[in-house]
Amino acid sequence: MEGLGEVPLPLPLAQKPQRDNIIRQLTKLGNTVYECADVEIVDGADKYFIPSSILADLRRIVIENLDKQVMHMQRMTIHRKSKEKQSDPKLNFSMVNPAQYQQLPYLYNISNDAARKFYEQQGLTKVDSAFELQYPAGVPNGSKPTDKSFSIQGDKEAVSNLLMQCRHCIRYSLGYCVKWGGQKPTWREPLFLELPDKRRFRLEFDCKNCQMNVCNVT
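Just so you know, the sequence shown maps onto residues 895 to 1112 in this note's numbering.
This is the structure:
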């Protein structure tokens, strides 16, 4: 990569050596990402008086040209990587999503044909509709756990469906995060969020992944 710069120069002969000042002015790169390894002065240019302001302009022009080249190279790299992705559109979903997405494909929130087609093109084999499409009125009372249900250990009577995965954790906020040195909880779980209309949402704490799950319970 090469940066070039030109400035008009009146060329009066210098009364004292100019080499040191030329090198000093051209290598002031402290606020840039560049480093100068060497300065080569050719054709006896250091015999002429070149004002420091002219040398600063020359340095600025060279830096701007280098920046343009770097930006162009970055765009080319992004374009190349994008083309590579397009050439192999299928992704390994087991690598980019938690295991819960494999167990509960409704978490992909596929609610229209365009989304369904996209995920099928990406290689998702177990395509399921979004939760609200499957249960627009909520999970009916008396329903039994299915392969779409999120099983809760210790409460076989509850039919729970995973609705939300949160980085915010009530345990952590209250100072009871056992993973990061908090107090041991003094209450007996499970915990529930309850709305004014008495609907309840069970909380599950996935401490391994620092995640709080909010589940629908009927």
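Every residue gets a Cβ at the ideal spot worked out from N, C-alpha and C, and that includes glycine.
Inset, instruction - Under 8 Å by Cβ, that's how I've got residue 949 and residue 919 pegged, so tell me the actual separation to the nearest angstrom. - result: For the purposes of this step, residue 949 is identified with residue 55 of the sequence shown, where counting begins at 1. For the purposes of this step, residue 919 is identified with residue 25 of the sequence shown, where counting begins at 1. Here residue 949 really is in contact with residue 919; their C-beta atoms are around 4 Å apart, less than 8 Å.
Inset, instruction - Leaving aside the five residues before and after residue 1021 along the sequence, list all residues of the same chain whose C-beta is less than 7 Å from its C-beta, in chain order. - result: Translated into the one-based positions of the sequence shown, residue 1021 becomes position 127. Result list for residue 1021: 999, 1004, 1010, 1013 and 1014, in chain order.
Inset, instruction - Out of 916, 1088, 1087 and 1067, point me to the one whose CA is closest to residue 1079's CA. - result: Against the sequence shown, residue 1079 aligns to sequence position 185. Minimum Cα distance to residue 1079 is reached at 1067.
Legend entry - Contacts around residue 1049, its chain only, beta-carbon distance under 6 Å, and the 5 residues preceding and following it disregarded: On the sequence shown, position 155 is the one that residue 1049 refers to. Here the model assigns residue 1049 a pLDDT of 38, short of 50, so the residue's position is not dependable, and the following value carries that caveat. Contacts found: none.
Inset, instruction - Output yes or no for whether 8 Å exceeds the beta carbon distance between residue 916 and residue 955. - result: As a position in the sequence shown, residue 916 is number 22, starting the count at 1. As a position in the sequence shown, residue 955 is number 61, starting the count at 1. Going by C-beta atoms, residue 916 is not nearer than 8 Å to residue 955.
Inset, instruction - Apply the 10 Å Cβ neighbour rule to residue 912 and answer buried if 16 or more other Cβ atoms are within range, or exposed otherwise. - result: Here the question's residue 912 lines up with position 18 in the sequence shown. Result: buried.
Inset, instruction - Look up residue 1096 in the DSSP assignment and say whether it is helix, strand or coil. - result: In the sequence shown, residue 1096 corresponds to position 202, counting from 1. Secondary structure at residue 1096: strand, using DSSP grouped into helix, strand and coil.
Inset, instruction - Keeping to the same chain, check which residues put their C-beta closer than 6 Å to that of residue 972; ignore five residues upstream and five downstream. - result: If you number the sequence shown from 1, residue 972 lands on position 78. None.
Legend entry - Cβ-based burial, residue 1109 [other Cβ within 10 Å; buried from 16]: Taking the first residue of the sequence shown as position 1, residue 1109 is located at position 215. The residue is buried, with at least 16 neighbouring Cβ atoms inside 10 Å.
Inset, instruction - Please name the residue in 921, 966, 1030 and 1100 whose C-alpha comes closest to that of residue 931. - result: As a working mapping, residue 931 is identified with position 37 in the sequence shown. Here the closest residue by C-alpha is 921.
Inset, instruction - Kindly indicate which three-state DSSP category residue 1063 falls into: helix, strand or coil? - result: Position 169 of the sequence shown holds residue 1063. If DSSP states are grouped into helix, strand and coil, residue 1063 belongs with coil.
Legend entry - Bridge partners - residue 942, DSSP secondary structure assignment: To locate residue 942, count along the sequence shown from 1; it is residue 48. Residue 942 is bridged by DSSP to 907.
Inset, instruction - Determine the contact status of residue 1027 and residue 1107, defining contact as a CB-CB distance below 8 Å. - result: Along the sequence shown, one-based indexing puts residue 1027 at 133. Along the sequence shown, one-based indexing puts residue 1107 at 213. Not closer than 8 Å, so no.
Inset, instruction - Please name the residue, chosen from 1016, 1023, 963 and 1058, that lies closest to residue 1007 on a Cα-to-Cα basis. - result: Within the sequence shown, numbered from 1, the residue matching residue 1007 stands at position 113. The residue from 1016, 1023, 963 and 1058 with its alpha-carbon nearest to that of residue 1007 is 1023.
Inset, instruction - Please say whether residue 1099 and residue 1061 have beta carbons closer to each other than 8 Å? - result: Taking the sequence shown and counting its residues from 1, the one referred to as residue 1061 is at position 167. Taking the sequence shown and counting its residues from 1, the one referred to as residue 1099 is at position 205. No, the pair does not count as a contact, with Cβ atoms beyond the cut-off.
Inset, instruction - Identify whether residue 929 lies in helix, strand or coil by the three-state DSSP scheme. - result: In the sequence shown, the residue the question calls residue 929 occupies position 35. Note: residue 929 maps to coil in three-state DSSP.
Inset, instruction - Determine the contact status of residue 1059 and residue 1016, defining contact as a CB-CB distance below 8 Å. - result: Here the question's residue 1059 lines up with position 165 in the sequence shown. Here the question's residue 1016 lines up with position 122 in the sequence shown. Their beta carbons are not under 8 Å apart, which means residue 1059 does not touch residue 1016 by this criterion.
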